[in-house]
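So the structure is just underneath, and the comments pick up after that.
Chains as they are written, first to last, in this note's numbering: chain A, 38 to 143; chain B, 38 to 143.
Listed below in structure tokens is the structure:
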């Protein structure tokens with residue numbers, strides 16, 4: 038299996054694919070195509086999330102500012118650190134890899 | 038931080054960098070430069086390992102055959118599945134991302 042394959046040409050919504058998981062970890066590929074979080078929506082997760090952008094680009098918004106992510110850029114979003122996806126590239130699909138761990142919710 | 042940066046030009050040994058961890062998960066970047074497991078050496082891990090090659094190439098050996106990994110190729114190596122790194126590219130550095138989970142040993 039390849040992270041850069043099996044991506045539909047049209048993505049009306051973000052595509053999330055679970056690559057591996059158990060009770061304490063979930064590894065997901067996320068493909069965005071210009072998607073962003075709805076206005077006023079904030080993620081407030083029970084799990085820690087380590088995330089990397091592998092292709093495309095994205096801007097994450099935190100309560101204290103913005104972080105731009107280009108290919109290879111990674112960061113850890115600790116549980117309960119509120120964040121949202123401010124933007125993803127409109128020029129190409131953005132491929133993220135996210136590892137959720139700690140307290141996983143469904 | 039960027040997965041493709043902060044890599045020394047010369048790597049006498051594989052470079053392993055822990056990117057995030059807790060009691061049940063450890064996320065590592067591994068950089069190989071033509072490295073392979075010593076003859077006769079097999080990994081036999083207590084943890085599950087999900088691994089992806091992001092740059093370069095590698096060949097993993099299992100007891101039932103070989104698996105070639107090119108950029109984006111990923112696979113899950115369940116705990117106790119014996120494996121070794123048969124080869125990594127001699128033409129460029131190989132950058133792996135590995136997520137160990139389940140029973141972590143040091």
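Glycine is no exception: its CB is placed at the ideal position from the N, C-alpha and C atoms.
Based on Cα-Cα distance, which residue from the options lies nearest to residue i?
i                      : options                  : result
residue 42 of chain B  : B:132, B:50, B:139       : B:132
residue 108 of chain A : A:82, A:60, A:52, A:126  : A:126
residue 90 of chain A  : A:141, A:129, A:140      : A:129
residue 115 of chain A : A:96, A:140, A:134, A:52 : A:140
residue 98 of chain A  : A:118, A:40, A:122, A:66 : A:122
residue 93 of chain A  : A:113, A:87, A:69, A:119 : A:69
residue 137 of chain B : B:71, B:52, B:83, B:38   : B:83
residue 85 of chain B  : B:50, B:112, B:51        : B:112
residue 39 of chain B  : A:66, A:118, A:110       : A:110
residue 55 of chain A  : B:80, B:54, B:87, B:55   : B:87
residue 119 of chain A : A:96, A:79, A:95         : A:79
residue 124 of chain B : B:51, B:53, B:71, B:134  : B:71
residue 117 of chain A : A:53, A:81, A:96         : A:81
What are the boundary residues of the beta strand (DSSP E) that residue i is part of?
i                     : result
residue 44 of chain B : It is not in any beta strand (DSSP E) - residue 44 of chain B carries neither H nor E in the DSSP assignment.
residue 54 of chain A : 52-58
residue 69 of chain A : 62-69
Is residue i helix, strand or coil by DSSP?
i                      : result
residue 139 of chain B : strand
Legend entry - Residue ranges of each beta strand (DSSP E) within the segment 76-137 of chain B, 3 or longer: For the segment 76-137 of chain B, the continuous beta strand (DSSP E) assignments of 3+ residues that do not extend past its boundaries occur at 84-92, 95-99, 102-106, 111-114, 120-125, in sequence order.
Legend entry - Sufficient close CB pairs (3 or more, under 8 angstroms) joining the segment 99-111 of chain A to the segment 72-83 of chain B: For the pair of segments examined, the segment 99-111 of chain A was found not to touch the segment 72-83 of chain B: the number of CB pairs separated by less than 8 angstroms stays below three.
Legend entry - Validate contact between the segment 45-54 of chain B and the segment 57-74 of chain A using beta carbons, cut 8 angstroms, 3 pairs: With contact defined as three or more Cβ pairs closer than 8 angstroms, the segment 45-54 of chain B and the segment 57-74 of chain A are not in contact.
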